[in-house]
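Sequential numbering from 12 applies to the sequence shown in the working numbering.
Backbone N, C-alpha and C define an ideal beta-carbon position, used for all residues, glycine too.
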Amino acid sequence: MDKLIIRGGNRLSGTIPISGAKNSALTLLPCALLTDEPVTLRNLPRLADIDGFQHLMGQFGVAHTIQGSRPDDFGRVVTLEATRLTSTVAPYDLVRRMRASILVLGPLLARAGDATVSLPGGCAIGDRPIDLHLKALEALGARVELAQGYVRAVAPGGGLAGGDFRFPVVSVGATENAVMAAVLAKGVSRLSNAAREPEIVDLCRLLTAMGAQIEGIGSGELVITGVPRLHGATYRVMPDRIEAGSYACAAAITGGSVRLEGADADTMGATIDALRRAGVEVSHDPRGVTVAANEGLRAVDLETAPYPGLATDMQAQLMSLLTQAQGDSVLHETIFENRYMHVPELRRMGAVIETAGRTATVHGPARLVGAEVMATDLRASMSLVIAALAAEGETQVRRIYHLDRGYERLEEKLALAGADIRRENDV
Ligand code: EPZ
12 MDKLIIRGGN
22 RLSGTIPISG
32 AKNSALTLLP
42 CALLTDEPVT
52 LRNLPRLADI
62 DGFQHLMGQF
72 GVAHTIQGSR
82 PDDFGRVVTL
92 EATRLTSTVA
102 PYDLVRRMRA
112 SILVLGPLLA
122 RAGDATVSLP
132 GGCAIGDRPI
142 DLHLKALEAL
152 GARVELAQGY
162 VRAVAPGGGL
172 AGGDFRFPVV
182 SVGATENAVM
192 AAVLAKGVSR
202 LSNAAREPEI
212 VDLCRLLTAM
222 GAQIEGIGSG
232 ELVITGVPRL
242 HGATYRVMPD
252 RIEAGSYACA
262 AAITGGSVRL
272 EGADADTMGA
282 TIDALRRAGV
292 EVSHDPRGVT
302 VAANEGLRAV
312 DLETAPYPGL
322 ATDMQAQLMS
332 LLTQAQGDSV
342 LHETIFENRY
352 MHVPELRRMG
362 AVIETAGRTA
372 TVHGPARLVG
382 AEVMATDLRA
392 SMSLVIAALA
402 AEGETQVRRI
412 YHLDRGYERL
422 EEKLALAGAD
432 IRRENDV
């Protein structure tokens with residue numbers, strides 16, 4: 012296991028390259044199951060979760076080749092080929108390590124008419140049920156049963172049939188599974204109250220490039236006309252809006268000025284709005300976003316919500332930033348039931364934060380002092396790194412395998428911007 016050693020106090024400056032979006036890549040990869048032709052993804056981030064997903068795809072007989080990525084390249088070009096599926100079972104020992112594995116359920120079912128996927132189980136931020144995934148697939152004619160910790164979905168003889176489904180709760184993953192199943196169903200499917208995250212738009216754009224017929228892309232009402240087959244395609248993964256937002260918070264908490272090269276401001280509206288309300292200067296152009304915090308930070312109230320609301324994946328990072336703002340900031344986490352795991356560790360660094368259920372009140376500014384802290388989940392880990400950049404003295408962030416799941420070469424990128432940070436083996 013590794014740890015990060017961070018000495019706070021350096022103002023970040025310069026340029027940080029933004030990688031391809033983890034949460035887009037994790038739904039683009041399984042699209043390769045929907046065709047027997049090659050699917051090439053460009054700008055694929057080098058992340059543990061991406062490697063894990065590619066390994067899972069190998070279980071089904073999917074071949075993948077990594078093309079021409081130089082060691083200093085951020086991102087990869089990977090071609091996946093599901094010429095013939097040799098299995099439609101996603102085993103527990105792979106799924107338990109990466110919840111996003113559930114995203115093979117819809118495509119396997121659509122391609123092969125049969126899919127057996129281990130139930131992913133809960134995680135640090137909540138119990139993460141998959142009931143909406145299953146209900147949406149049943150609306151497309153699938154027969155679903157749960158047994159021995161696995162979900163088995165079977166399409167009747169003729170394959171999936173178009174159907175209508177209204178999501179009672181906006182669910183990114185359930186929308187993704189439903190879309191990937193509906194594109195090969197016989198007939199028209201209407202998905203209402205579907206998730207509108209940019210990652211869903213990326214998914215719909217790849218599927219369209221593969222020959223799918225999808226209307227309402229970017230809206231909560233998707234109308235999908237199934238086609239008999241899809242062909243291969245080459246597609247570039249969108250830039251990671253959460254990585255970009257995370258580094259924006261890192262720059263701002265140090266009073267620095269950083270260019271987030273490749274970031275797409277159009278997908279970061281709520282985060283940019285929150286930063287600006289907190290007193291951070293944010294400008295952007297077609298090639299990136301620039302963040303500068305020249306003046307003091309102001310307390311702001313924030314509430315997470317499905318897109319285009321403020322991403323729940325940005326809550327922990329913004330909380331760290333707001334520990335340095337003048338005044339009390341009230342944060343309300345509406346998506347997950349347990350997404351304040353970073354709070355006890357931030358308190359150990361000196362933050363003054365009260366929580367009551369899904370509400371957290373951050374009293375600022377608080378003097379942060381470096382400490383040994385423990386990461387618990389991906390975004391909580393990043394919030395500790397952000398706090399460490401502004402803390403007096405040295406912080407050791409342990410269990411950073413969480414970070415390696417979602418932030419490509421994090422210490423290299425922060426060092427590029429002048430952070431005093433290094434990775435060490437944690438014996
Ligand atoms: C995706 O998770 C992201 N993961 C999460 O990012 C992100 O936090 C989340 O969407 C919300 O934006 C990936 O894309 C791989 P949901 P997902 O289904 O799809 C409830 C990160 O840090 N729900 O939109 O699992 C659920 O409990 C990760 O990168 C059901 O009740 O999230 C939650 O309260 C963390 N039944 C709410 O919906 C279901 O069947 C939203 O969850 C599914 C979800």
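Under the DSSP assignment, Met330 falls outside any beta strand (DSSP E), being part of the alpha helix (DSSP H) whose first and last residues are Gln326 to Leu333.
For Ala371, the uninterrupted beta strand (DSSP E) run begins and ends at Thr370 to Gly375, by DSSP.
Under the three-state reduction of DSSP output, Glu210 falls in the helix class.
Sequence-distant Cβ neighbours of Glu306 in its own chain, meaning closer than 7 Å and more than five residues away, are Gly290. The Cβ atoms of Met249 and Gly31 sit closer than 9 Å to each other. Counting every other CB atom within 10 Å of its CB across the protein chains shown gives His353 a total of 16 or more, marking it as buried. For Ile253, the enclosing alpha helix (DSSP H) starts and ends at Arg252 to Ile264. Here Val128 really is in contact with Ala101; their C-beta atoms are around 4 Å apart, less than 8 Å.
Under the three-state reduction of DSSP, Ser340 is assigned to strand.
Cβ-Cβ distances below 6 Å link Asp213 to Ser35 and Met249 in the same chain, with the five nearest sequence neighbours on each side left out; the list follows chain order.
Using a Cβ distance threshold of 9 Å, Val199 and Gly222 do not count as a contacting pair. At least one heavy atom of the ligand EPZ is found less than 8 Å from the C-beta of Thr323.
Taking 9 Å as the cut-off, the Cβ atoms of Gly19 and Ala386 do not count as close.
Contact holds between the stretch 106–123 and the stretch 33–48, because three or more Cβ pairs, one in each stretch, are under 8 Å apart. At a cut-off of 8 Å, the beta-carbon of Gly137 counts as near the ligand EPZ: some heavy atom of the ligand is closer than that. For Phe176, the enclosing beta strand (DSSP E) covers residues Asp175 to Arg177. Distance from the CA of Phe176 to the CA of Val155, rounded to the nearest whole angstrom, comes to 16 Å. In the structure shown, Thr219 adopts helical secondary structure according to DSSP, grouped into three states.
For Ile411 and Leu425, the gap between their C-alpha atoms comes out near 15 Å. Going by DSSP, Ser392 is part of the alpha helix (DSSP H) stretching over Leu389 to Ala401. For Asp388, the shortest C-beta to heavy atom distance toward the ligand EPZ is below 8 Å.
With distances taken between CA atoms, Gly256 lies nearest to Ile397 out of Leu202, Ile397 and Arg95.
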